[in-house]
Amino acid sequence: MSGSHRLIQVPPGVQCFVGDEARRRRAIEDRVLTVFEGWDYEEIIPPLFDYADVFAGEALSPKTYSFVGRDGSLLALRPDFTSLLAKIAAGRLAQRPAPIRLYYSGEVLRYEPPKAGRQSELYQMGLEHLGGGRHAADVEVLAIAAECLEALGIDGWVLALGHVGVFGGLVSGCGLSGVDVGALRDRVESKDSSGVRAVLGSGGVPADVTDAVVRLTTLAGDASVLEEAGRALSFCSAAREAVDELSAVVGTLGEAGLGAHLAVDLGEVRGLDYYTGLVFRIYAPGLGFEVGGGGRYDTLLGRFGRPMPAVGFMLGLDRVALLLERQGKPGAPPPLAEAVGGRRVGAALAQARARRAAGARVRFGNGEGA
Amino acid sequence: MTLTVALSKGKLLAGSEALFRRAGLPFPEGEGRRLVVSHGSLRFLFVKDMDVPTYVEYGVADCGVAGRDVLLESRSDVYEPLDLCFGRCRLVVARLRGSGFDPHGASTVRVATKYPAVTAKHFLERGVSAEVVRLAGSVEIAPGLGLADCIVDVVETGRTLEENGLEIVEDVAGSSARLIVNRASYHARRDDVACLLETLRRALP
Chain A
1 MSGSHRLIQV PPGVQCFVGD EARRRRAIED RVLTVFEGWD YEEIIPPLFD
51 YADVFAGEAL SPKTYSFVGR DGSLLALRPD FTSLLAKIAA GRLAQRPAPI
101 RLYYSGEVLR YEPPKAGRQS ELYQMGLEHL GGGRHAADVE VLAIAAECLE
151 ALGIDGWVLA LGHVGVFGGL VSGCGLSGVD VGALRDRVES KDSSGVRAVL
201 GSGGVPADVT DAVVRLTTLA GDASVLEEAG RALSFCSAAR EAVDELSAVV
251 GTLGEAGLGA HLAVDLGEVR GLDYYTGLVF RIYAPGLGFE VGGGGRYDTL
301 LGRFGRPMPA VGFMLGLDRV ALLLERQGKP GAPPPLAEAV GGRRVGAALA
351 QARARRAAGA RVRFGNGEGA
Chain B
1001 MTLTVALSKG KLLAGSEALF RRAGLPFPEG EGRRLVVSHG SLRFLFVKDM
1051 DVPTYVEYGV ADCGVAGRDV LLESRSDVYE PLDLCFGRCR LVVARLRGSG
1101 FDPHGASTVR VATKYPAVTA KHFLERGVSA EVVRLAGSVE IAPGLGLADC
1151 IVDVVETGRT LEENGLEIVE DVAGSSARLI VNRASYHARR DDVACLLETL
1201 RRALP
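Residue numbers (the working numbering), protein chains in the order written: chain A, 1 to 370; chain B, 1001 to 1205.
If you want it as structure tokens, here you go:
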């Protein structure tokens, strides 16, 4: 009997979709990929595993499923697409002039306990804009994200925009050395002003820097936050530049009619070791966590030998499906098939083929299991 | 639109009620055992203190009141924008009085606690190998009965420790009640959330 449960149970972290659920997921994917195609992005179907070095990174490596290949090299199931796309853009597409526009849709695997709509096997739909002018690329990617949300019929969606250069500038350029940056980032991310003061309290940090970092926990809201931030952070040129860059993005998106969907959040500091500029997360009422997000990562491609700026975003299919369900938007009803059959199987099959040629959905047989 | 607030049925309830009343916010009175109560512009969920961060993280509640000790243990991904300045306590390591037990001198420390994640992290960061014995309550009796070498628990006045023959070895973390907010609600329901935050902020001592 030992081990027989494995023939029935599903291992934690993976899912199986049947019928309506599978159909809904395909419909979501279709809509999103149609938008990606519409902005002239090219599909890329990368491998399911690659050398583990490709995915090296502090945040992801503890979550990576890795294994030793036959030749002794360390391999890993892809925990994200971005590193793979960067590798391919720098290698196989090395001769292709920038900007390169690529999209993907598929599973990534991460070792983490199922929680908050997150499984070990996640289905991501995303794109990367590699090379090209930073501002134009940033606003293009945000506009595509917006169109995806519109195409999916999601209500009340918000793009919450931040810039890692605000916190990064304060930390690196303004006398914060010696402070535990990891602990500080964690408290800023939680918008915990008293926690920020507690971390900075012991470090001999200048008062204006302390006040500025504390302010990051409340600099969230509509576009007016950026003016306030510009004044509050004027003493730190790196942080100020980041605010200006973000203001330009918000201004351009406003001109394009997206202003009502924007939020600014300068306390958004996750992924600091990876992102280098704009960062954003997508929220909508009905789901307690983001449905997707992205940002600018200008240093990643350098790792693969083709330094160039890059920006991208992705939507989590599992979370989009959950959100649409919560917002009361079920998928289309299951399509009806016409039954074709008869005692003379040959004639029935010929009729079924004729109906198929006419585009009908056909259920073939003698009525059993109908 | 109504905001949903998750509150602890436990020790933070009285402080939460006092704060909400001081702020002029609606607060249900004498609703008995009902766990979901709509009152004015707010809907309240009364849940176990350890569960408040979960309700808020999943967005079932837009915000809630939780102790920092509980947030440390649950490691929930929520915003903590307000220190509400009540429910102050400390998480500490405590041992039998006079035992002289040194948690940093032993090869393995057996620690009883209601806070297994906080405890594991505390000892891990100090290079101590700890065996965490998870209990649901009455942690203070564990060392005297030989279940554990020491405990990690919250103390307010220190009375309970003293009555059970324990003494504090070291601090793990300070704690007080926090207003926590779901990340999506914070952005997607910005006006309602900002209004509630400001109302509470003005009512803080």
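Ideal placement from N, C-alpha and C gives every residue a C-beta, glycine not left out.
Euclidean distance between Cα positions of residue i and residue j
i, j, result
"residue 239(A)", "residue 167(A)", "7 Å"
"residue 1068(B)", "residue 1176(B)", "6 Å"
"residue 291(A)", "residue 95(A)", "35 Å"
"residue 370(A)", "residue 362(A)", "Low confidence applies here, because residue 370(A) scores a pLDDT of 40, under 50, leaving its location unreliable and the question unanswered by this model."
"residue 1196(B)", "residue 93(A)", "52 Å"
"residue 252(A)", "residue 1125(B)", "47 Å"
"residue 281(A)", "residue 1142(B)", "46 Å"
"residue 224(A)", "residue 286(A)", "26 Å"
"residue 365(A)", "residue 338(A)", "11 Å"
"residue 187(A)", "residue 310(A)", "28 Å"
"residue 1034(B)", "residue 1087(B)", "24 Å"
"residue 237(A)", "residue 1200(B)", "34 Å"
"residue 331(A)", "residue 322(A)", "12 Å"
"residue 229(A)", "residue 1140(B)", "49 Å"
"residue 324(A)", "residue 1170(B)", "49 Å"
"residue 195(A)", "residue 41(A)", "43 Å"
"residue 199(A)", "residue 192(A)", "11 Å"
"residue 1044(B)", "residue 261(A)", "29 Å"
"residue 87(A)", "residue 1022(B)", "58 Å"
"residue 1(A)", "residue 9(A)", "Note that residue 1(A) scores 48 on pLDDT, short of 50, meaning its location in the model is unreliable and no value can be drawn from it."
"residue 1015(B)", "residue 1097(B)", "32 Å"
"residue 97(A)", "residue 329(A)", "42 Å"
"residue 100(A)", "residue 139(A)", "16 Å"
"residue 58(A)", "residue 273(A)", "8 Å"
As assigned by DSSP and simplified to three states, the class of residue i
i, result
"residue 186(A)", "helix"
"residue 1081(B)", "strand"
"residue 370(A)", "In this predicted model, residue 370(A) has a pLDDT of only 40, less than 50, meaning its place in the structure is not dependable; the value taken from the coordinates is given anyway. Three-state DSSP puts residue 370(A) in coil, outside helix and strand."
"residue 1069(B)", "helix"
"residue 115(A)", "strand"
"residue 1168(B)", "strand"
"residue 1110(B)", "strand"
"residue 1145(B)", "coil"
"residue 322(A)", "helix"
"residue 1095(B)", "strand"
"residue 1(A)", "Unreliable positioning characterises residue 1(A) in this predicted model, as indicated by a pLDDT of 48, which lies under 50. The coordinate reading is nonetheless provided below. Here residue 1(A) sits in coil by DSSP."
"residue 257(A)", "coil"
"residue 276(A)", "coil"
"residue 1027(B)", "coil"
"residue 8(A)", "coil"
Closer than 8 Å at the beta carbon, the chain B residues around residue i
i, result
"residue 194(A)", "1083"
"residue 217(A)", "1081"
"residue 167(A)", "Neighbours of residue 167(A) on chain B: none; closest Cβ ~16 Å, over 8 Å."
Amino acids of chain B, ordered along the chain, whose beta-carbon sits closer than 9 Å to that of residue i
i, result
"residue 62(A)", "Ordered by position in chain B, no residue passes the 9 Å Cβ test against residue 62(A), which lies about 14 Å from the chain."
"residue 158(A)", "1184, 1187, 1188, 1190"
"residue 289(A)", "1057, 1058, 1059, 1077, 1182, 1183, 1184"
Chain A residues whose Cβ lies nearer than 7 Å to that of residue i
i, result
"residue 1189(B)", "285"
"residue 1079(B)", "190, 191"
Assigned exposure category for residue i - 16 Cβ within 10 Å defines buried
i, result
"residue 210(A)", "buried"
"residue 1114(B)", "buried"
"residue 61(A)", "exposed"
"residue 1008(B)", "buried"
"residue 7(A)", "exposed"
"residue 24(A)", "buried"
"residue 5(A)", "exposed"
"residue 1180(B)", "buried"
"residue 1104(B)", "exposed"
"residue 1029(B)", "exposed"
"residue 64(A)", "buried"
"residue 14(A)", "exposed"
"residue 294(A)", "buried"
"residue 1002(B)", "exposed"
Test: residue i CB closer than 8 Å to a CB of chain C
i, result
"residue 1058(B)", "Looking at the structure shown, chain C is missing, and the protein chains on hand are A and B."
Distance cut-off 7 Å: residue i Cβ against heavy atoms of the ligand ATP
i, result
"residue 1049(B)", "In terms of ligand content, the structure shown is empty, and the ligand ATP therefore cannot be addressed."
Under 8 Å from the C-beta of residue i: neighbouring residues of chain A
i, result
"residue 1117(B)", "What residue 1117(B) touches in chain A: nothing, since even the nearest Cβ is about 13 Å away."
Contact set between residue i and chain B, taken where Cβ atoms lie within less than 7 Å
i, result
"residue 263(A)", "1187, 1190"
Problem - Three or more C-beta pairs below 8 Å linking the region 99–110 of chain A and the region 72–86 of chain A - result: yes
Problem - Sufficient close CB pairs (3 or more, under 8 Å) joining the region 128–144 of chain A to the region 63–78 of chain A - result: no
Problem - the region 327–347 of chain A touching the region 1138–1156 of chain B, judged by at least three CB pairs closer than 8 Å - result: no
Exercise for the section: Inspect the CB distances between the region 1052–1062 of chain B and the region 1136–1152 of chain B and report whether three or more fall short of 8 Å. Expected result: no
Handout entry: Stretch-stretch touch, CB-based, cutoff 8 Å, three pairs: the region 315–329 of chain A with the region 297–304 of chain A
Key = no
Exercise for the section: Would you check if the region 19–27 of chain A and the region 49–59 of chain A touch, i.e. whether three or more CB-CB distances between them fall below 8 Å? Expected result: no
Problem - Segment contact flag, the region 1077–1086 of chain B with the region 1096–1115 of chain B, C-beta cutoff 8 Å, min 3 pairs - result: no
Practice task
Could you say if the region 148–167 of chain A and the region 257–276 of chain A meet the contact criterion of at least three C-beta pairs nearer than 8 Å?
Solution key: yes
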